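Asks: Can you keep this structure in mind? I'll have questions shortly.
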Amino acid sequence: MANLARRAGSPAGLRRARPHDRGPRTEYLAFVLAGDVYAAPVSFVREILKPPPLTPVPRAPHAIMGIVSVRGQLVTVVDLRRRLRLAEPVPTRRARILLADASGGETLGLFVDEVLQVYRLSESEKEPAAAALGGDVAPYIEGIARPSLGSGLAAGGRRSVEGRTDDESQISVVILLDLRAVLGFS
Amino acid sequence: MAESGDRAREEFLSEAQEIVEGLGRDLLALDEGLRANRLDPSLINDVFRAVHTLKGLAGLFGATRMASLSHELEELLDKLRLGKVDLTAGVLDLLFRSVQLYGLILQAEKEGRDQVIPQVDELVRELNRNGGGSAAQAAQAPSRYELDPSLLAVLTEYEEHRLRANIAQGLRLYRLRVQFQLATIDQALDELKAMAKPHGEIITYLPTGAGADADSIELDILMASAVGTEDLRHALASGGVDLEEIPRRAGAAGGGGGASAGSGAESVRIPIHTPLPPSGLGVPSLAPPSRHDEISAGPKGDLGTLRSVAQTVRVDIHKLDRLMNIVGELSIVRTSMARLVERLRAERLERDLAADVHRLQRTFERHLGAMQQGILEVRMVPLGQVFDKLARVVRQISREADKQVNLVITGAETEVDKLIVEELSDPLMHMMRNAIDHGIESRSEREAVGKPALGTIALNAFQKGNHVVIEIEDDGRGIDTTRLLEASVRRGVISADDARAISRSEVLNLIFIPGVSTKGEVSETSGRGVGMDVVKTNIGKLGGVIDVQSEQGIGTKMTVTLPITLAIISALVVLVEDRLFAVPLANVQEAVVLDPAAVRVIDGREVVTLRGSTLQLCRLARLFELESQASQPTTNGWPSNSGTGAPGSANPDFRPASRTSSSRQYVVVTAVGARRLGLVVGTLVGEQDVVIKALGPSLKGVRGFAGASELGDQRIALVIDAPSLVDELHAPGGERVRPMIASRGSHG
Chain A
4 MANLARRAGS PAGLRRARPH DRGPRTEYLA FVLAGDVYAA PVSFVREILK
54 PPPLTPVPRA PHAIMGIVSV RGQLVTVVDL RRRLRLAEPV PTRRARILLA
104 DASGGETLGL FVDEVLQVYR LSESEKEPAA AALGGDVAPY IEGIARPSLG
154 SGLAAGGRRS VEGRTDDESQ ISVVILLDLR AVLGFS
Chain B
25 MAESGDRARE EFLSEAQEIV EGLGRDLLAL DEGLRANRLD PSLINDVFRA
75 VHTLKGLAGL FGATRMASLS HELEELLDKL RLGKVDLTAG VLDLLFRSVQ
125 LYGLILQAEK EGRDQVIPQV DELVRELNRN GGGSAAQAAQ APSRYELDPS
175 LLAVLTEYEE HRLRANIAQG LRLYRLRVQF QLATIDQALD ELKAMAKPHG
225 EIITYLPTGA GADADSIELD ILMASAVGTE DLRHALASGG VDLEEIPRRA
275 GAAGGGGGAS AGSGAESVRI PIHTPLPPSG LGVPSLAPPS RHDEISAGPK
325 GDLGTLRSVA QTVRVDIHKL DRLMNIVGEL SIVRTSMARL VERLRAERLE
375 RDLAADVHRL QRTFERHLGA MQQGILEVRM VPLGQVFDKL ARVVRQISRE
425 ADKQVNLVIT GAETEVDKLI VEELSDPLMH MMRNAIDHGI ESRSEREAVG
475 KPALGTIALN AFQKGNHVVI EIEDDGRGID TTRLLEASVR RGVISADDAR
525 AISRSEVLNL IFIPGVSTKG EVSETSGRGV GMDVVKTNIG KLGGVIDVQS
575 EQGIGTKMTV TLPITLAIIS ALVVLVEDRL FAVPLANVQE AVVLDPAAVR
625 VIDGREVVTL RGSTLQLCRL ARLFELESQA SQPTTNGWPS NSGTGAPGSA
675 NPDFRPASRT SSSRQYVVVT AVGARRLGLV VGTLVGEQDV VIKALGPSLK
725 GVRGFAGASE LGDQRIALVI DAPSLVDELH APGGERVRPM IASRGSHG
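Protein chains in written order, with the working numbering: chain A, 4 to 189; chain B, 25 to 772.
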C-alpha cells in the first residue's frame, strides 16, 4: 500500500525538488509493461497498491481484469499490457496496481508488471512521438524520453521506488504514455 | 454563518416543496369536487393558505419569482374564496400550471439560477387578466333571515360570502350556542367542526360575552345546513350544543341593510348582543379581542403550521445514505467478527472468553439489526408522493388529448424507499402517458364498441413480500400483437422462424426492445411503446422488473415489481467454479439439488420439472464462461505467492469440503415477476446481508450483474442481476444450450 503522498513526506521524498531543478520539468512515474519501460505523469497516479485479491468480472471487456476493493470502494482494474496489446508475462511479486483518476470521475486500477521510479523530465529530455517515430503513432504514446542520469529522483544510491536492481543507466528509453488516451475506452 | 444560511435555505426549499405538493393534492380534490358539482369551500381556503405561506416564505428568502407568482395567485384565490370568480376548469388549469411552475422555480432556486423563467411571467400575466373574471353572484340578501344586524356587521367579507352562498343554495341557517373551557377551546372547537362538517358549513363563530365562570366562554356559531332541526340536533348531540334554527323573515324583500354593513364594518368590533334568550347575566366579554381574532380563522391568521413542524424533522436523503453506508460497513465487520468468534470457539483454549465474545457478538448483531431496520424505516415514504404527481399528469394529458379519463388509485399509502420513489416518477409518468395517448380510445371509438365513454385507468400499489407491486391498467384498445410481431420481423429484431414459434407473452415483451419501440410503424399502429425500453432500463436500475399483459380491445396492464429498498439486501452466496456470486434473496424462491438425469432439452433450452411446472435452467458456469477454468488453480496467471490465494475465491473457509468429492450441483430458483429461471450453481455457501455497490462506469455495458458486494476480508462477490438474466434467457430466440456470447445490444 504505497501511498505517494506519504512518500513525498519522507526525507528522500520523491517530490522534494532541489532548488536548481525548478523549471519546466514534469514528474513521470516509470513502470514496466511486458519488459519495456513506460512512464506516465505522476499527477495521474493517486496511489500505488500491491494487488489485493481480484475478482474477475465475466463478460467484461477484454482489457478489464476484474474488480478489487480499496478501503471499501470498488475499483475496476485494467490490464495495461492487454490494453496496449502487449505480451502478458506471468505476474510476479513486483506487480502493482496504479490508482488513477480516469475521465468521468471513475477511479481505475492500472495493472503493471513493476513500478520503477519517478523521473523529473525537462522538455529537452522528451521527444514528441511524431518527431521520434513518425506520424503514424498510436495516439496514447505521448513521446519518448531519454532521461539523463540526474533526473531520477531517487538519487544518491537509492535506485528506484521498489529497489530494482538494474542500474539506472540501463534504462535508455522510456515510452511516455498519455493515460487519458489509453483509458479512453471505445 | 454562511453555512447556517445555507441550511436555512435548504429548509426553505424543502418546506416550499412540501407545500407545493400539498397544493397539488388539494387542487386534485378541487378538480374532483368540480366534476362532481360538489365544491368544498374549505379546500379553496387550504389552497389560499398554502399560496399565502409560499408568498411569505418567498419574501423571507428573496425568491422574487416565487413571490410574484404567489402574489397573483393569492389575488385570484381570494376572489375565488369570496365568490367573485367562479371556479371553472379553466381557472383550475391556471392553478395546476402554477404547481408545475413552482416546481420549476424551486429547481432554479436550488441551483442558484436567477434568470427569468418566461412561463412564470406568462402565467402571471394570465392571472392578471383572469382577475377581471366575474361570478354570477346571486344577490341573496341575508336580510331575509332573522339575523341580528350587529352580527352581520362583524362578518368578514369571506364569511359574508359564505353566508350568501349558503342562502343561495336554499340551506337552513342554525345558531348553535356552546360553552367551551378556555383551556381546551382550540381542541374542542376543532372537534365540533369535525362533527358538524358532514352536515353543513360553519360560517362564523362569535363569543356571546357570557360564560358560566371565568374559565369558560360561550360561543354563538352560525351554521348552514340542509338537515332539519331535529336531525342536526341529534347529530351534534354529543357536543353539548344548544341549537336553534334561524327562521326566515316572512316578507323577505329586504333592502341591502346587511350587505352594505358587511364591507364597511370590518374593523369595527361592536360588543355583541345576541337576539337569543339571555343566557344569564350580562357579564362583560371574558374573551379578549385577540382571542376572537385567533378563533375566527380569517385569511390573515396563519399560525396553524407551526405546531406540526415540531413533530417532524426533515432530513436530506444523502445523510441517510451516509448512515446506511456506515451500517453497511458495520455489517461487514459483523460478518468478519462472527467468523473470528467461530475460530475462537474451535480453538477450545479459552472457552469462557470465547463464550463471552460470542455473547457480545450476538448482542452487537441484534442492535445492528435494529439500527438497520430503523434507518430503513426512516427512508420509507408512501408511494402517494409520486401518485399525486401522476394524477396531475393524467389530468393534464387527458385534457390535452381530449379524452375523458377516470384515474382510480389504490394503495397510495404503500411505502417504498425514498430513492426508489424519486426514480420512479419518470418511468411511471411515461407509462401513464402511453396509457392515455395510445391505450384509451377516443370517445366516439369507445362508444362504437360499446365501452363507457369515460376511460378508466387503475393505478394500484401493494406490498408483496419484499417487493412492492405497482400496476397501471387501462381499459383501452390493447396491443395489436399481430402487427407488433410483423413489425419486429421487418426490423430484424427476431427472425421469421422465431416469430412462428413465439408465445404470446414473448410477443408483448417485444415492446421493450429499443428498435421496435422507439420509432416506426409499430408505435403508430400498436399505439404503444414510445421509449418503453427506457422505462424498462430505468425500472431495471432500481432492481425492478416490468411485465406487460394486454388483451386486444379490452385493455393493457403494466406491472412493475420493485424491491422495497436498495440499501442492504439479504443474498444467497453461491460458488460457481470457485467464484463467489451473490443472488439477492428477494429473487430466490428456493434452492434444490440438481438431478442431472432429470434435465431435458426442449427447443434447445435445458429444463427440469419442478413441482409440476417446467423450469428453464441457466448454467452460470457456462453463461459466464468459467467452465474451462475449473481445473486450473488460478486464473489469468495471477501471482499465487501474494498470500491471498486465487482470485475471487480466496479464503479456504468458503471452499466446501465436499466440492472435490462430488460434482453435485444446485439449482437456485429465481422468480422475477411471473417468470422463473433456475440458476445452476456449484455450492450454496450461505445467506448473508450485503451492501450492493455499483460497478464502475467502465463496466456499465456488462449484463447480468447488479453490482458487487464485499463479504469481508476484501473478498468480493458479484451480485447476480436476476431480472436481467431472466430477460436474457427468456428473450425470444434467446440463448440456447450452445455456449453463450453476449452478442445482443446492451439495453440491460
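The C-beta atom is built at its ideal place from N, Cα and C for all residues, glycine as well. The structure presented is a predicted model; accordingly, all values stated were derived computationally and were not measured.
Mind checking Glu96 of chain B: buried by the 16 CB within 10 Å criterion, or exposed?
Replies: Buried.
Asks: Helix, strand or coil for Lys800 of chain B per DSSP?
Replies: Residue 800 of chain B falls outside the range modelled here, since chain B spans only 25 to 772, and no answer is possible.
Asks: To be precise: take each residue of the region 51-63 of chain A, compare its Cβ to all Cβ atoms of chain B, and keep it if any distance is under 9 Å. Which residues remain?
Replies: Within the region 51-63 of chain A, the qualifying residues are Lys53, Pro54, Pro55, Pro56, Leu57, Thr58, Pro59, Val60, Pro61, Arg62, Ala63.
Asks: Residues of the region 696-722 of chain B in Cβ contact with chain A at a cutoff of 8 Å, in chain order, please.
Replies: Within the region 696-722 of chain B, the residues whose Cβ lies closer than 8 Å to some Cβ of chain A are Lys717, Ala718, Leu719, Gly720, Pro721, Ser722, listed in chain order.
Asks: Please go through the same chain and pick out, in chain order, the residues whose beta-carbon is closer than 8 Å to the beta-carbon of Val600 of chain B, but skip the five residues on each side of it.
Replies: Closer than 8 Å at Cβ, skipping near neighbours: Leu644, Ala645, Phe648, Leu650, Val705, Gly706.
Asks: What does Leu111 of chain A touch in chain B if you count any residue whose Cβ is under 8 Å from its own?
Replies: Result: Gly720, Ser722.
Asks: For Leu246 of chain A and chain B, any beta-carbon pair shorter than 7 Å?
Replies: Here chain A comprises residues numbered 4 to 189, so residue 246 of chain A is not present and cannot be evaluated.
Asks: Look up Val120 of chain B in the DSSP assignment and say whether it is helix, strand or coil.
Replies: Residue identity check: residue 120 of chain B is Phe in the sequence provided, not Val. Three-state result, Phe120 of chain B: helix.
Asks: Applying a beta-carbon distance threshold of less than 7 Å, which residues of chain E neighbour Leu742 of chain B?
Replies: Chain labels in this structure do not include chain E; the protein chains are A and B.
Asks: Let me check one thing: in DSSP terms, what residues is Gly731 of chain B bridge-paired to?
Replies: According to DSSP, Gly731 of chain B bridges with B:Val743.
Asks: Give the residues of chain A in contact with Val726 of chain B, contact being defined as C-beta atoms less than 9 Å apart.
Replies: Residues of chain A passing the Cβ test: Val60, Pro61, Arg62, Ala63, Pro64, Ile67.
Asks: Per DSSP, Ser779 of chain B is paired with what?
Replies: An answer regarding residue 779 of chain B cannot be provided, because it is not within the stretch 25 to 772 covered by chain B.
Asks: Please report the distance separating the alpha-carbon of Arg183 of chain A from that of Ala113 of chain B.
Replies: When rounded, the distance between both Cα atoms is 58 Å.
Asks: Below 8 Å on the Cβ atoms is my contact criterion, and I expect Gln613 of chain B with Ala695 of chain B to pass it. Report the Cβ-Cβ distance as a whole number of Å.
Replies: Rounded, the Cβ-Cβ distance is 5 Å, consistent with contact.
Asks: Check whether chain A comes within 7 Å of Ala732 of chain B, counting only Cβ atoms and requiring the distance to be less than that.
Replies: Chain A, which has a Cβ nearer than 7 Å to the Cβ of Ala732 of chain B, makes this yes.
Asks: Mind listing the chain A neighbours of Leu650 of chain B? Cutoff is C-beta to C-beta under 8 Å, in chain order.
Replies: Pro61, listed in chain order.
Asks: Nearest to Leu186 of chain A by CA position, among A:Pro92, A:Leu136, A:Arg85, is which residue?
Replies: Of the candidates A:Pro92, A:Leu136, A:Arg85, the one whose C-alpha sits nearest the C-alpha of Leu186 of chain A is A:Arg85.
Asks: Taking the beta carbon of Pro476 of chain B as the centre, do at least 16 other beta carbons fall within 10 Å, making it buried, or is it exposed?
Replies: The residue in question, Pro476 of chain B, is exposed, as its Cβ has fewer than 16 Cβ neighbours within 10 Å.
Asks: Roughly how many angstroms separate the alpha carbons of Gln576 of chain B and Leu586 of chain B, rounded to a whole number?
Replies: Their backbone Cα atoms lie some 27 Å apart in a straight line.
Asks: Could you give the C-beta distance for Gln397 of chain B and Val445 of chain B, rounded to a whole number, given that I count them as a contact under 8 Å?
Replies: In fact, because the Cβ distance is near 19 Å, the residues do not count as touching under 8 Å.
Asks: Using the C-alpha atoms, what's the distance from Leu179 of chain A back to Glu117 of chain A?
Replies: The alpha-carbon atoms of Glu117 of chain A and Leu179 of chain A are separated by roughly 16 Å.
Asks: Does chain B have any CB closer than 7 Å to the CB of Ile100 of chain A?
Replies: No, Ile100 of chain A lies away from the interface with chain B (no Cβ there is under 7 Å from its Cβ).
Asks: Can you round the beta-carbon distance between Asp70 of chain B and Asp50 of chain B to whole angstroms, since I take them to be within the 8 Å contact cut?
Replies: Sure, about 5 Å apart at Cβ, within 8 Å.
Asks: Suppose the cutoff is 8 Å on Cβ atoms and the five residues either side in sequence are ignored; what does the same chain contact list for Val40 of chain A look like?
Replies: The answer, listed in chain order, is Ala33, Phe34, Leu119, Ile174, Val176, Val177, Ile178.
Asks: Less than 8 Å between the CB atoms is what I'm expecting for Ala103 of chain A and Val48 of chain A, so what's the real figure, rounded?
Replies: Ala103 of chain A to Val48 of chain A, Cβ: 6 Å. Contact.
Asks: If we ignore side chains and look at the alpha-carbon of each, how far apart do Thr232 of chain B and Met456 of chain B end up?
Replies: Cα to Cα, Thr232 of chain B sits roughly 55 Å from Met456 of chain B.
Asks: Note down, in chain order, each residue of its chain lying with its Cβ closer than 7 Å to the Cβ of Leu753 of chain B, except the 5 sequence neighbours on either side.
Replies: For Leu753 of chain B, where only same-chain residues beyond five positions count, the Cβ hits under 7 Å are Gln640, Cys642, Leu701, Glu759.
Asks: Helix, strand or coil: which one does DSSP assign to His491 of chain B?
Replies: DSSP places His491 of chain B in strand when its eight states are reduced to three.
Asks: Nearest-angstrom Cα distance between Lys724 of chain B and Ala105 of chain A?
Replies: Answer to the nearest angstrom: the Cα atoms are 15 Å apart.
Asks: Does DSSP classify Asn61 of chain B as helix, strand or coil?
Replies: If DSSP states are grouped into helix, strand and coil, Asn61 of chain B belongs with coil.
Asks: Measure the alpha-carbon distance for Glu711 of chain B versus Ala595 of chain B and round it to whole angstroms.
Replies: Distance between the alpha carbons of Glu711 of chain B and Ala595 of chain B is about 6 Å.
Asks: So, does the CB of Leu87 of chain A fall closer than 7 Å to a CB anywhere in chain B?
Replies: Chain B contact via Cβ: absent.
Asks: Could you tell me how far apart the beta carbons of Gly435 of chain B and Asp498 of chain B are, in whole angstroms, since I believe they sit closer than 8 Å?
Replies: That pair is no contact at about 17 Å.
Asks: Strictly by DSSP, which residues pair up with Ala36 of chain B?
Replies: According to the sequence displayed, residue 36 of chain B carries Phe and not Ala. Beta-bridge pairing links Phe36 of chain B to no other residue.
Asks: Looking at the unbroken alpha helix (DSSP H) that takes in Val118 of chain A, where does it start and where does it end?
Replies: From DSSP, Val118 of chain A is part of no alpha helix (DSSP H) but of the beta strand (DSSP E) over 117-125.
Asks: Compare the Cα-Cα distances from Arg524 of chain B to each of B:Arg515, B:Thr506, B:Phe536, B:Ile537 and report the closest residue.
Replies: Nearest of B:Arg515, B:Thr506, B:Phe536, B:Ile537 to Arg524 of chain B, Cα basis: B:Thr506.
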